[in-house]
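A.B. asks: All letters in the sequence shown, in the order written, are residues 2 to 444 by full-length UniProt numbering. Backbone N, C-alpha and C define an ideal beta-carbon position, used for all residues, glycine too.
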Amino acid sequence: AFESLAERLQGTMDRMKGRGKVNEDDVKDMMREVRLALLEADVNFKVVKQFVKDVRERAVGQEVMESLTPGQQVIKVVNEELTKLMGGEQVKINTASRPPTVVMMVGLQGAGKTTTTGKLALHLRKKHNRKPLMAAADIYRPAAIDQLETLGKQLDMPVFSMGNQVNPVEIATKAVEQAKEDNHDYVIVDTAGRLHVDDNLMDELDQIKAAVNPDEVLLVVDAMTGQDAVNVAETFHERLGITGIVMTKLDGDTRGGAAISVKAVTGQPIKFAGMGEKTDALEPFHPERMASRILGMGDMLTLIEKAQSSVDEEKAKELERKMRTNELTFDDFLEQLSQVKSMGPLDEVLKMMPGANKMKGMKNLQVDDKQIAHIEAIVRSMTKAERDDPSLLNASRKRRIAKGSGRNIQEVNRLIKQFEDMKKMMKQMSGMQKGKKKGGGMK
Ligand code: GDP
Ligand code: MG
């Protein structure tokens, strides 16, 4: 199994503790690990070389921020530079000044063009209130048109198709005309792929591009193919000129290093990430989150975002503040439990938390509805003061609570223990996140 970079660096980081400046040898040690980890994550070796050089120059001699250890400081630089390599900011899909916006999907066979066509159409409708038309311009693969039409039915989304006896250039052209007529604001043209880049494919794509003058040429690449994805991206960009990349299959166990290289090699941003086979498994690509993932620091931002969609934003902010300042109360704890439930399978949620699998307390948090009811009963038997300040809970108060809730004293104790563990973990996690931005302590 892949050892996360954070784990690899622990030793060096420990040695650096207590120093006021980041010294050259320490950085060298750490960068050796970073280099290996990036290569293992399939980042192009030239990119790695330049990257290591940049980070070393930036990190050596830096004053260490008050709230960080020297090791954390280096990680912070690594994380920032990785984010920068991937373009820094999230880049949105292009929109034509005069609709319809024409999006052309290109890429090798099996990369995920057709699936992504459906996902993108759904995304545009759901998140941007758009009215897309999907066009079936892959006439070579026997089932390609069927596949898109099935997706269309499933999503209740119109599909333009002319069968497989008509030239793809004409299909694309007619699709755009049809879109204008029916007031579609996006046309997504699904094109054919081959197993390898070849001239016939490129010629056809060239012609389609010339005919419909797309606002966006999205190259779909499979993250699982690692270095190959990078070569494919380079060739497509040289030959055709792409305007953005969709990286699919990032839900697999790939470390996603290809994401760094494709941006570095083509200069074009990754705009979306495919996170599964289902039609809603498409996310805007966030360089910072990918950097965290490659570093093995977990994907806290995604987690916080998930929490935000099930609670309102104010609450999430308040919770985040409390996590940071260690002011969590039992009421928050209750709410967290029910939220974790609404976020989906607990296992999945836990996977996104850095170090969560190692937290003993978290293992015990595998709760079902019945247990939540018991926990609720216990918390409801506490006074307001006790809920806000668990340190008040002495033996006699615990006995009273046990009686009041109809649970036994061991359960009360266990809950208090879990709560303290969770608090500790939350503080640690929010510190890690903050550490990347403002320099809050990691540990
Ligand atoms: P195309 O040949 O480029 O049109 O590729 P398809 O859209 O037909 O997809 C090829 C396969 O990859 C299908 O089995 C898809 O379900 C799968 N696929 C596409 N995107 C993703 C993704 O983001 N995650 C996973 N796990 N599978 C994907
Ligand atoms: Mg296809």
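Is aspartate 139 near ligand 2, with its Cβ less than 6 Å from a heavy atom?
C.D. replies: The residue labelled residue 139 in the question sits at position 138 within the sequence shown. The beta carbon of aspartate 139 sits closer than 6 Å to at least one heavy atom of ligand 2.
A.B. asks: Checking 7 Å against the spacing of the C-beta atoms, do glycine 89 and proline 285 come in under that value?
C.D. replies: If you number the sequence shown from 1, residue 89 lands on position 88. If you number the sequence shown from 1, residue 285 lands on position 284. For glycine 89 and proline 285, no; Cβs fall outside 7 Å.
A.B. asks: So, under 8 Å CB-CB, proline 101 and valine 177 are touching, yes? Tell me the CB distance rounded to an integer number of Å.
C.D. replies: On the sequence shown, position 100 is the one that residue 101 refers to. On the sequence shown, position 176 is the one that residue 177 refers to. Sure, about 7 Å apart at Cβ, within 8 Å.
A.B. asks: When every heavy atom of ligand 2 is checked, does at least one fall within less than 6 Å of the C-beta of alanine 176?
C.D. replies: Within the sequence shown, numbered from 1, the residue matching residue 176 stands at position 175. Not under cutoff, so the answer is no.
A.B. asks: In the DSSP assignment, find the alpha helix (DSSP H) that holds proline 288 and state where it starts and stops.
C.D. replies: By 1-based counting over the sequence shown, the position of residue 288 is 287. First-last of the alpha helix (DSSP H) with proline 288: 288-296.
A.B. asks: Helix, strand or coil for leucine 206 per DSSP?
C.D. replies: Counting from one through the sequence shown, the residue named residue 206 turns up at place 205. Note: leucine 206 maps to helix in three-state DSSP.
A.B. asks: Are methionine 291 and alanine 259 touching if we call contact CB-CB under 7 Å?
C.D. replies: For the purposes of this step, residue 291 is taken as the residue at position 290 of the sequence shown. For the purposes of this step, residue 259 is taken as the residue at position 258 of the sequence shown. Going by C-beta atoms, methionine 291 is not nearer than 7 Å to alanine 259.
A.B. asks: Are the beta-carbon atoms of valine 49 and leucine 39 separated by less than 7 Å?
C.D. replies: If you number the sequence shown from 1, residue 49 lands on position 48. If you number the sequence shown from 1, residue 39 lands on position 38. Taking 7 Å as the Cβ cut-off, valine 49 and leucine 39 qualify as a contacting pair.
A.B. asks: Compare the beta carbon distance of methionine 135 and threonine 118 with 7 Å and say whether it is the shorter of the two.
C.D. replies: Taking the first residue of the sequence shown as position 1, residue 135 is located at position 134. Taking the first residue of the sequence shown as position 1, residue 118 is located at position 117. Contact: yes.
A.B. asks: Less than 7 Å separating the beta-carbons of residue 1 and lysine 428?
C.D. replies: The first residue shown for the chain is 2 and the last is 444, placing residue 1 beyond what the model contains.
A.B. asks: Would you mind sorting phenylalanine 46 into buried or exposed? The rule is 16 or more other CB atoms within 10 Å of its CB.
C.D. replies: Working through the sequence shown from its first residue, we reach residue 46 at position 45. Exposed is the call here.
A.B. asks: Can you tell me whether DSSP reads arginine 130 as helix, strand or coil?
C.D. replies: For this step, residue 130 is matched to residue 129 along the sequence shown. Note that residue 130 is asparagine in the sequence shown here, rather than arginine. Coil.
A.B. asks: Classify asparagine 168 as helix, strand or coil using the three-state DSSP reduction.
C.D. replies: As a first step, residue 168 must be located in the sequence shown, where it is residue number 167. Coil.
A.B. asks: Sort Leu416, Ala274, Ala230 and Phe237 by Cα distance to lysine 93 and report the nearest one.
C.D. replies: Here residue 93 refers to the residue found at position 92 when the sequence shown is read from its first residue. Taking only the C-alpha atoms, the option nearest lysine 93 is Ala274.
A.B. asks: Under the assumption that serine 397 contacts alanine 378 (Cβ atoms under 8 Å), give the Cβ distance between them as a whole number of angstroms.
C.D. replies: As a position in the sequence shown, residue 397 is number 396, starting the count at 1. As a position in the sequence shown, residue 378 is number 377, starting the count at 1. No, serine 397 and alanine 378 are not in contact; Cβ-Cβ is about 19 Å, not under 8 Å.
A.B. asks: I'd like the list of long-range same chain contacts for threonine 115, defined as Cβ closer than 6 Å, with 5 residues on each side in sequence excluded.
C.D. replies: Residue numbering aside, residue 115 sits at position 114 when the sequence shown is read from its first letter. Once the five neighbours on either side are set aside, the close Cβ partners of threonine 115 are Gln148, Leu149 and Asp191.
A.B. asks: Please name the residue or residues paired with valine 218 in a DSSP beta bridge.
C.D. replies: The count along the sequence shown starts at 1 and reaches residue 218 at position 217. Beta-bridge pairing links valine 218 to Met105.
A.B. asks: Report yes or no: do the segment 246-256 and the segment 224-232 share at least 3 C-beta pairs separated by less than 8 Å?
C.D. replies: yes
A.B. asks: Return yes when the Cβ of aspartate 216 is within less than 7 Å of the Cβ of alanine 97, no when it is not.
C.D. replies: If you number the sequence shown from 1, residue 97 lands on position 96. If you number the sequence shown from 1, residue 216 lands on position 215. Yes, the pair counts as a contact, with Cβ atoms nearer than the cut-off.
A.B. asks: Within its chain, find whatever has a CB closer than 7 Å to the CB of valine 170; leave out the 5 residues flanking it on each side and keep chain order.
C.D. replies: Here residue 170 is taken as the residue at index 169 of the sequence shown, counted from 1. Excluding residues within five positions, the ones whose Cβ falls inside 7 Å are Gln208, Ile209 and Ala212.
A.B. asks: Compute the Euclidean distance between the alpha carbons of asparagine 365 and valine 413, then round it to the nearest angstrom.
C.D. replies: The residue labelled residue 365 in the question sits at position 364 within the sequence shown. The residue labelled residue 413 in the question sits at position 412 within the sequence shown. With a pLDDT of 47 at asparagine 365, under the threshold of 50, the modelled position of this residue cannot be trusted; read the value that follows with caution. Roughly 14 Å separates the two Cα atoms.
A.B. asks: If you run the structure through DSSP and keep just helix, strand and coil, what is glycine 88?
C.D. replies: As a first step, residue 88 must be located in the sequence shown, where it is residue number 87. Here glycine 88 sits in coil by DSSP.
A.B. asks: Does the segment 151-163 touch the segment 122-134, meaning 3 or more C-beta pairs lie closer than 8 Å?
C.D. replies: Under the three-pair Cβ rule at 8 Å, the segment 122-134 counts as touching the segment 151-163.
A.B. asks: Does ligand 2 have a heavy atom nearer than 6 Å to the CB of lysine 120?
C.D. replies: On the sequence shown, position 119 is the one that residue 120 refers to. Lysine 120: no, Cβ never under 6 Å from ligand 2.
A.B. asks: Which residue spans inside the segment 233-266 form an unbroken beta strand (DSSP E) run of at least 3?
C.D. replies: 245-249
A.B. asks: Could you check whether the Cβ of threonine 117 sits closer than 6 Å to any heavy atom belonging to ligand 2?
C.D. replies: For the purposes of this step, residue 117 is taken as the residue at position 116 of the sequence shown. Incorrect: threonine 117 has no Cβ contact closer than 6 Å to ligand 2.
A.B. asks: Taking its Cβ as the centre, do 16 or more other Cβ atoms sit within 10 Å of asparagine 214, making it buried, or is it exposed?
C.D. replies: If you number the sequence shown from 1, residue 214 lands on position 213. Counting Cβ neighbours within 10 Å, asparagine 214 comes out exposed, since fewer than 16 surround it.
A.B. asks: Are residue 445 and valine 23 closer than 7 Å when you measure CB to CB?
C.D. replies: Residue 445 is absent from the structure shown; the chain starts at 2 and stops at 444.
A.B. asks: Output yes or no for whether 7 Å exceeds the beta carbon distance between asparagine 165 and isoleucine 140.
C.D. replies: Counted from its first residue, the sequence shown places residue 165 at position 164. Counted from its first residue, the sequence shown places residue 140 at position 139. In this structure, isoleucine 140 lies closer than 7 Å to asparagine 165 by Cβ.
A.B. asks: Can you give the Cα-Cα distance for threonine 236 and glutamate 278, rounded to whole angstroms?
C.D. replies: Counted from its first residue, the sequence shown places residue 236 at position 235. Counted from its first residue, the sequence shown places residue 278 at position 277. Distance between the alpha carbons of threonine 236 and glutamate 278: 26 Å.
A.B. asks: Counting along the chain, where does the alpha helix (DSSP H) carrying valine 56 start and finish?
C.D. replies: Stepping through the sequence shown from its first residue, residue 56 is reached at position 55. Counting along the chain, the alpha helix (DSSP H) containing valine 56 begins and ends at 46-60.
A.B. asks: Counting along the chain, where does the alpha helix (DSSP H) carrying aspartate 186 start and finish?
C.D. replies: For the purposes of this step, residue 186 is taken as residue 185 along the sequence shown, with counting starting at 1. It is not in any alpha helix (DSSP H) - aspartate 186 carries neither H nor E in the DSSP assignment.
A.B. asks: When the Cα atoms are used, what is the spatial distance from lysine 425 to proline 391?
C.D. replies: Residue 425 sits at position 424 when you count from the first residue of the sequence shown. Residue 391 sits at position 390 when you count from the first residue of the sequence shown. Lysine 425 and proline 391: Cα-Cα distance of roughly 14 Å.
A.B. asks: Going along the chain, which residues of its own chain have a beta-carbon closer than 7 Å to the beta-carbon of arginine 400, five neighbours each way excluded?
C.D. replies: In the sequence shown, the residue the question calls residue 400 occupies position 399. Scanning its chain for C-beta atoms nearer than 7 Å, with the 5 sequence neighbours on each side dropped, one finds around arginine 400 the residues Ile410, in chain order.
A.B. asks: State the beta-bridge partners of threonine 96 as determined by DSSP.
C.D. replies: The residue you call residue 96 lines up with position 95 of the sequence shown. DSSP, once it has assigned bridges, lists no residue as partnering threonine 96.
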